[in-house]
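Position 168, counted from 1, in the sequence shown is what our numbering calls 304; the numbers after and before it change by one each time, with no gaps. Since the structure comes first, as structure tokens, the remarks are kept for the end.
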Amino acid sequence: MTSEWPYLAPSGDLRSPPQPITVGVLLTAHNVAPHLPAALHSVFTQTRLPDQVVVCDDASSDDVKGAVHNFGDRVRLVRHPVQRGEGAAKNTAVAALDTDLVVVLDGDDEMAPQRLEALAWLAERRPDLHLLTTTWEDFGPGVEPTDWTLADHFPTVDQRAEMLRWNFVPAPAIRRVPLLEAGGFDETLRYGPDWECYVRMFLRGASAGLVPLPLYRYRRWTGQQTADRERVLAGRVRVGELIAANRSLTPADRRVADRSLQELRHDYWAWRLARGAATRSESLALLRGGRWSARRTAMLTLATMAPHVARRLRER
Numbered sequence: 137m138t139s140e141w142p143y144l145a146p147s148g149d150l151r152s153p154p155q156p157i158t159v160g161v162l163l164t165a166h167n168v169a170p171h172l173p174a175a176l177h178s179v180f181t182q183t184r185l186p187d188q189v190v191v192c193d194d195a196s197s198d199d200v201k202g203a204v205h206n207f208g209d210r211v212r213l214v215r216h217p218v219q220r221g222e223g224a225a226k227n228t229a230v231a232a233l234d235t236d237l238v239v240v241l242d243g244d245d246e247m248a249p250q251r252l253e254a255l256a257w258l259a260e261r262r263p264d265l266h267l268l269t270t271t272w273e274d275f276g277p278g279v280e281p282t283d284w285t286l287a288d289h290f291p292t293v294d295q296r297a298e299m300l301r302w303n304f305v306p307a308p309a310i311r312r313v314p315l316l317e318a319g320g321f322d323e324t325l326r327y328g329p330d331w332e333c334y335v336r337m338f339l340r341g342a343s344a345g346l347v348p349l350p351l352y353r354y355r356r357w358t359g360q361q362t363a364d365r366e367r368v369l370a371g372r373v374r375v376g377e378l379i380a381a382n383r384s385l386t387p388a389d390r391r392v393a394d395r396s397l398q399e400l401r402h403d404y405w406a407w408r409l410a411r412g413a414a415t416r417s418e419s420l421a422l423l424r425g426g427r428w429s430a431r432r433t434a435m436l437t438l439a440t441m442a443p444h445v446a447r448r449l450r451e452r
């Protein structure tokens, strides 16, 4: 095992001796049974084995039970008889765990062998960090490497404001008690309940740390939820609306959240415009609802009068 791991986090001292913790892995599954054995294999080949593993089957139509069968009693399988969404599946799995740390793994993704070791190492030495994550690598058919890395953008100061702007803790390890105290995941959200949940945790004083190594393996394939770009963008707008409506926001928080929501609405509008779906009334409402740069104001104004012309200009 590695004696020391690099990490990025707000200032703080490493605890010595470390505070031992228990680690659970949470997997959610909806029609990902063909990939689930590989995900679980990556869990049980860790250099630091988990204390508990729970899979929540969110009413899959494929054979999740068969996919986990070979792992025996090392995996607890819980199931929703009707699909309830990502947030509900995560809440159900969290309720089935009683470990100090809950590590999130999507049922179609994998972990590098040292991921749990790295996360537990940091959690045991920095009990002030409530969320911990690593960088990742993409894999799957036709995947091309990217030069964007979370380590280049991970904030170590003013994390509360940054979390209002974007979710910088993908697939994290979460301290279970602070997660439950914040209310868990919003089960009304069909996409993006993680970001909204982490905002609530940060509004209660949470902070986060990053081990800047690609220890999470994110599978790219056509069946994944994030392959549906329109649903993703529309879902982000809904999440942004809930965040902006949170009554715990300070005036400074609200300015950041409102600006973030404005950007999310613009991204969704731009996607729809590029596909000829944005209406004049939609463009007008967006124009009136925000404070825009001169360039964006001009494009939105044009889209209210001649959407097809605005679309061609954006394509150029």
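For glycine and all other residues, C-beta sits at the position ideal for the given N, C-alpha and C.
Just so you know, the alpha carbons of Ala380 and Asp209 end up roughly 43 Å apart.
Taken through DSSP and simplified to helix, strand or coil, Gly371 comes out as helix. The segment 219-273 is shown to contain whole alpha helix (DSSP H) runs of 4 or more residues at 222-231 and 251-261, in chain order. In the three-state reduction of the DSSP assignment, Tyr334 falls in the helix class, which pools H, G and I. Under the three-state reduction of DSSP, Phe275 is assigned to strand.
Burial check for Asp245: the Cβ neighbour count within 10 Å reaches 16 or more, so the residue is buried.
As for any alpha helix (DSSP H) of minimum length 4 sitting wholly inside the segment 170-215, the runs are 172-180 and 200-204, ordered along the chain.
It is roughly 26 Å from the alpha-carbon of Gly223 to the alpha-carbon of Thr285.
Ranking Trp428, Trp407 and Ala442 by CA distance to the CA of Ser417 puts Ala442 first.
A Cβ-Cβ distance of about 7 Å is found for the pair Trp272 and Arg353, placing them in contact under the 8 Å criterion. Taking the Cα of Pro170 as reference, the smallest distance to any Cα among Leu150, Ser197, Gln188 and Val190 is reached at Ser197.
Excluding sequence positions up to five before and after Val239, its CB lies within less than 6 Å of the CB of Val161 and Ala309, all in the same chain and listed in chain order.
Boundaries of the alpha helix (DSSP H) harbouring Tyr404: Pro387 to Ala410, taken from the DSSP string. In its chain, beyond the 5 residues on either side, Leu252 have a beta carbon closer than 8 Å to the beta carbon of Leu185.
Across the structure, Arg301 and Leu420 are spaced so that their CA atoms are roughly 24 Å apart.
For Val347, the uninterrupted beta strand (DSSP E) run begins and ends at Ala344 to Arg355, by DSSP. Only buried fits Ser343, as 16 or more other CB atoms lie within 10 angstroms of its CB. Counting along the chain, the unbroken alpha helix (DSSP H) around Thr433 starts and ends at Ala430 to Met441. Taking C-beta separations shorter than 6 Å and ignoring five residues to either side along the sequence, the partners of Asp394 in its chain run Ala380, following chain order. The alpha carbon of Asn382 has as its nearest neighbour, out of Phe338, Val191, Thr270 and Asp288, the alpha carbon of Phe338. In the pairwise beta carbon analysis, the segment 153-168 is classified as touching the segment 223-237: at least three pairs are separated by under 8 Å.
Within the segment 286-343, the runs of alpha helix (DSSP H) that reach at least 4 residues and sit entirely inside it are, in chain order, 295-301, 312-317 and 329-339.
Collapsing the DSSP output to three states places Ala165 in a strand.
A distance below 8 Å separates the beta carbons of Pro291 and Glu298. Within the same chain, Cβ atoms closer than 8 Å to the Cβ of Leu325 are found at Gly221, Glu222, Gly223, Glu332, Gly371, Arg374, Val375 and Leu378, the five residues on either side in sequence being excluded. Inter-residue distance for Ala318 and Arg312 is about 10 Å (C-alpha atoms, whole angstroms).
Judged by DSSP in its simplified three-state form, Leu378 adopts helix.
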